[in-house]
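Everything below concerns the one structure shown next.
2 protein chains.
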Amino acid sequence: MSQTPSILGRAKELVDPATAAAVSGLCDELRVPAEYHLQGRGKGTRPALAILSAEAVGAPPETGVPGAVAIELIHDFSLIHDDIIDNDAERRHRPTVWAKFGTGVGVVVGDALHALAFEVLLRDVSPARIRAAKNLSEGVAAMIAGQSKDMAFETRSAITLEDCLAMERGKTGALLSYASSVGAILAEADDAVIDGLAEYGAHLGVAFQAVDDLLGIWGDPERTGKPAGADLRERKKSVPVVIALNSGTPAAEELARIYARAEWQAGELDAARALVEAGGGRDETRELACTHHRKAVSALDSLAQREEVVGEAVEEMRLLADFIVGRDF
Amino acid sequence: MSQTPSILGRAKELVDPATAAAVSGLCDELRVPAEYHLQGRGKGTRPALAILSAEAVGAPPETGVPGAVAIELIHDFSLIHDDIIDNDAERRHRPTVWAKFGTGVGVVVGDALHALAFEVLLRDVSPARIRAAKNLSEGVAAMIAGQSKDMAFETRSAITLEDCLAMERGKTGALLSYASSVGAILAEADDAVIDGLAEYGAHLGVAFQAVDDLLGIWGDPERTGKPAGADLRERKKSVPVVIALNSGTPAAEELARIYARAEWQAGELDAARALVEAGGGRDETRELACTHHRKAVSALDSLAQREEVVGEAVEEMRLLADFIVGRDF
Chain C
471 MSQTPSILGR AKELVDPATA AAVSGLCDEL RVPAEYHLQG RGKGTRPALA ILSAEAVGAP
531 PETGVPGAVA IELIHDFSLI HDDIIDNDAE RRHRPTVWAK FGTGVGVVVG DALHALAFEV
591 LLRDVSPARI RAAKNLSEGV AAMIAGQSKD MAFETRSAIT LEDCLAMERG KTGALLSYAS
651 SVGAILAEAD DAVIDGLAEY GAHLGVAFQA VDDLLGIWGD PERTGKPAGA DLRERKKSVP
711 VVIALNSGTP AAEELARIYA RAEWQAGELD AARALVEAGG GRDETRELAC THHRKAVSAL
771 DSLAQREEVV GEAVEEMRLL ADFIVGRDF
Chain U
471 MSQTPSILGR AKELVDPATA AAVSGLCDEL RVPAEYHLQG RGKGTRPALA ILSAEAVGAP
531 PETGVPGAVA IELIHDFSLI HDDIIDNDAE RRHRPTVWAK FGTGVGVVVG DALHALAFEV
591 LLRDVSPARI RAAKNLSEGV AAMIAGQSKD MAFETRSAIT LEDCLAMERG KTGALLSYAS
651 SVGAILAEAD DAVIDGLAEY GAHLGVAFQA VDDLLGIWGD PERTGKPAGA DLRERKKSVP
711 VVIALNSGTP AAEELARIYA RAEWQAGELD AARALVEAGG GRDETRELAC THHRKAVSAL
771 DSLAQREEVV GEAVEEMRLL ADFIVGRDF
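Residue numbers (this note's numbering), protein chains in the order written: chain C, 471 to 799; chain U, 471 to 799.
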């Protein structure tokens, strides 16, 4: 595991108080469960990208804060609703919002954070804010479409790798791409720079999700905060599984048979895991993560050659990409 | 029942194709359940208000269409999620989205319509669109806060009438107020006119909800599409119930006792209904509806005196108010 990049701590210091201030304006019925959820927050990759994308175009980090808060709130809304959809009662070793407060509260608190994200961005109306809100609405729509496809995959056979990657580009990539460019949008940077940052984020998203898919099968429960092989237990058609199912090997046929059974006997989880590996799912997903990590870095290299782009911020974006893709897999 | 105002049909013709076009852009997994929900749509009061609020300031009805579509999508999102929250398996004599497609699909389709509303408004960026989106984000936030309070009331005792009205101003009033002014916002009308229209809508919202609360207790199931006394069965603390509970009468004490019981014996629904009436809940809620109907009309009268305001559209807003408040109660 690479060392934790300093931007994560720096962004947290800047963004967390602003997020807390936004949430503190909710009525008690929404605020209490929202704050409970926020206490179990992750590393803050998305807000860090938003801050760096402001700094990358020479703006002060504060310029990226409304975008960082909006993206954090959208991410939280999606997690709260995903936990209802997936019937997950635990996240990061704590009960999820619906498990603690009830499904109805989970639905409405997620809705409240979704709405709050747009309120935060639209509070001060400026041309840059509008573009930021417009792009956010498109990113959120893509994320939700990806989530709906992910759900549909669980009961659909014959998913191609391209179907699966398209789903993940929506579910994870759209918001990471947005996070990686919103600071530059708010700083009113050139379109070419905004596009380059968004491209970096889109590739980072594919790499990030590929690593997440590997952890969902081979990750250490202590570190992931989820049961071992969580994605297999839920019969997720994640990238490694789809690669193995489409491998045309004997492992593919056997994996399809096991995946079709609703209940698993002892040893079948381990068997499924071994079959995904035998079908090439592990190696090819690692390769995919590396390829998109490389493409993300290459987008940064192009940006760094532009006069108006700040080298230090771009270097921090590279470190963040290394950190994300360097998670144990 | 007053005659159906012609604006409802006229607005439907204008708005429904635009809403259908927006929804048709969703991926199949979202589009199919969204279209299923839209087939069971109501009278279209909110889109009609949006169209009239454009016409009221001399703009063509088309100016109000993006606002009408956004408000329709937000209303649909809230209904789909409310049905999950309230565990309602039927709406307008058809299975609700979650009952037909599953809870997860209900959550994600609601989310998709919520996001789509902002996409529709922000698609063409103009100063008017931004203000429309900003006000929508505030209206949606108020609606969600009202919904969360409504949920909390079910298990809370000692709700004052003011608590209850504040909840309803959020849950119903905020979006009706927005619907009644968004056309004028999109037409870039004067602030004073926009505010007057919003005031009309806010009073209309209170009157509308008061009538809805009466129908939730005394409405004919054939017409409401809900079981008789639906709100009492769910132990809703709606306005008539809260008035009766706070009436200081013997009926109040008896009603509180019945309301505290999770299971009702035969006859207790009728007993509860009679106690709400004995505690003044029916008469005072009717009075409240009339008062706010009058205030809504008075806001229109002030508007009609302004040179830039179109009398015909204001007259149609008055007819719509009469129609809404004139529902059998």
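Glycine is no exception: its CB is placed at the ideal position from the N, C-alpha and C atoms.
Nearest candidate by alpha-carbon position, reference residue i, set the options
i, options, result
"C:A680", "C:L773, C:A559, C:G751, C:A602", "C:G751"
"C:V484", "C:S523, C:K513, C:A538, C:D498", "This sequence places Leu at residue 484 of chain C; Val is not what is there. The shortest C-alpha separation from C:L484 is found at C:A538."
"C:G761", "C:G510, C:S548, C:Y670, C:G495", "Note that residue 761 of chain C is Thr in the sequence shown here, rather than Gly. Of the listed residues, the one whose Cα sits closest to C:T761 is C:Y670."
"U:L606", "U:D690, U:E757, U:T755, U:A644", "U:A644"
"C:G749", "C:Q509, C:A636, C:A722", "C:A722"
"C:K765", "C:D682, C:H673, C:R705, C:A524", "C:H673"
"C:A789", "C:D546, C:P536, C:E724, C:L519", "Reading the sequence as shown, one finds Leu at residue 789 of chain C and not Ala. Closest option to C:L789, Cα to Cα, is C:L519."
"C:I600", "C:R626, C:S647, C:I655, C:I629", "C:I655"
"U:A611", "U:L591, U:Y648, U:A730", "U:Y648"
"U:D558", "U:M787, U:A490, U:D701", "U:D701"
"C:V746", "C:R693, C:D660, C:D683, C:L773", "C:D683"
"C:P531", "C:A730, C:G653, C:L770", "C:G653"
"C:D594", "C:F547, C:P536, C:S627", "C:P536"
"C:E692", "C:H563, C:L770, C:L758, C:S651", "C:H563"
"C:Q509", "C:G666, C:P487, C:A524, C:Q735", "C:P487"
"U:V676", "U:V784, U:K706, U:A759, U:T719", "U:A759"
"C:G666", "C:A769, C:A524, C:T533", "C:A769"
"C:H545", "C:A526, C:R511, C:T533, C:D556", "C:R511"
"C:Y729", "C:R705, C:Q775, C:G737", "C:R705"
"C:W734", "C:R703, C:D552, C:A774, C:A726", "C:R703"
"C:E608", "U:V590, U:G796, U:S627", "U:V590"
"U:D498", "C:D753, C:M621, C:L496", "C:M621"
"C:D661", "C:A598, C:T625, C:G796", "C:A598"
Proximal residues to residue i (C-beta, below 7 Å), its chain only, five neighbours per side dropped
i, result
"C:G699", "I687, L739, R743"
"U:R501", "V493, S494"
"U:A791", "L674, H763, A766, V767"
"C:E786", "P475, I477, L522"
Residues near residue i in its chain [Cβ-Cβ closer than 6 Å; skip 5 each side]
i, result
"C:I794", "F678"
"U:G576", "I550, I554, V567, W568"
"U:Q617", "K641"
"C:P503", "V567, F571, V575, V579"
"C:L592", "A603"
"U:F547", "G580, L583, H584"
"U:K707", "F623, I629"
"U:T719", "G749"
Closer than 8 Å to chain C by CB, residue i
i, result
"U:Q735", "no"
"U:H673", "no"
"U:S607", "yes"
"U:K513", "no"
"U:R561", "no"
"U:A603", "yes"
"U:L592", "yes"
"U:H507", "no"
"U:A586", "Contrary to the premise, residue 586 of chain U reads as Leu rather than Ala in this sequence. Taking Cβ atoms only, chain C reaches closer than 8 Å to U:L586, which makes this a yes."
"U:A600", "Reading off the sequence, residue 600 of chain U comes out as Ile, not Ala. For U:I600, the answer is yes, since a Cβ of chain C falls inside 8 Å of its Cβ."
Cβ shell of residue i (< 8 Å), same chain only, five flanking positions each side left out
i, result
"U:L631", "V709, V712, I713, N716"
Min CB distance residue i to chain U below 8 Å
i, result
"C:E589", "yes"
"C:A538", "no"
"C:G784", "Strictly speaking, residue 784 of chain C in this sequence is Val, with Gly absent from that position. No, its Cβ sits nowhere closer than 8 Å to a Cβ of chain U."
"C:V535", "no"
"C:V567", "no"
"C:V527", "no"
"C:V595", "yes"
Cβ distance (whole Å) where residue i is taken to contact residue j below 8 Å
i, j, result
"U:A481", "U:P517", "5 Å"
"C:A582", "U:I614", "5 Å"
"U:E778", "U:G479", "Not really, about 27 Å apart at Cβ, beyond 8 Å."
"C:A587", "C:L543", "4 Å"
CB contact check: residue i to chain A, cutoff 8 Å
i, result
"C:V712", "The structure shown contains no chain A; the protein chains it does contain are C and U."
> Quick one, which residues of the region 647 to 666 of chain U are near chain C if we go by CB-CB under 9 Å, in chain order?
Replying inline: none
> Which residues, taken in chain order from the region 610 to 641 of chain U, show a beta carbon closer than 8 Å to some beta carbon of chain C?
Replying inline: Hits within the stretch, in order: V610, A611, I614, A615, Q617, S618, K619, M621, A622.
>> Short of 8 Å Cβ to Cβ, which residues in the region 471 to 503 of chain C face chain U?
In response: L496, C497, E499, L500
>> Taking beta-carbon pairs under 9 Å, can you tell me which members of the region 570 to 582 of chain C lie near chain U?
In response: G572, T573, G574, V575, G576, V577, V578, V579, G580, D581, A582
>> For the region 542 to 557 of chain C, list every residue whose C-beta sits within 7 Å of some C-beta in chain U, in sequence order.
In response: H551, I554, I555
> Which residues, taken in chain order from the region 765 to 778 of chain U, show a beta carbon closer than 9 Å to some beta carbon of chain C?
Replying inline: Considering only beta carbons, no part of the region 765 to 778 of chain U lies closer than 9 Å to chain C.
> Using Cβ-Cβ distances below 8 Å, what residues of the region 677 to 700 of chain U are close to chain C?
Replying inline: none
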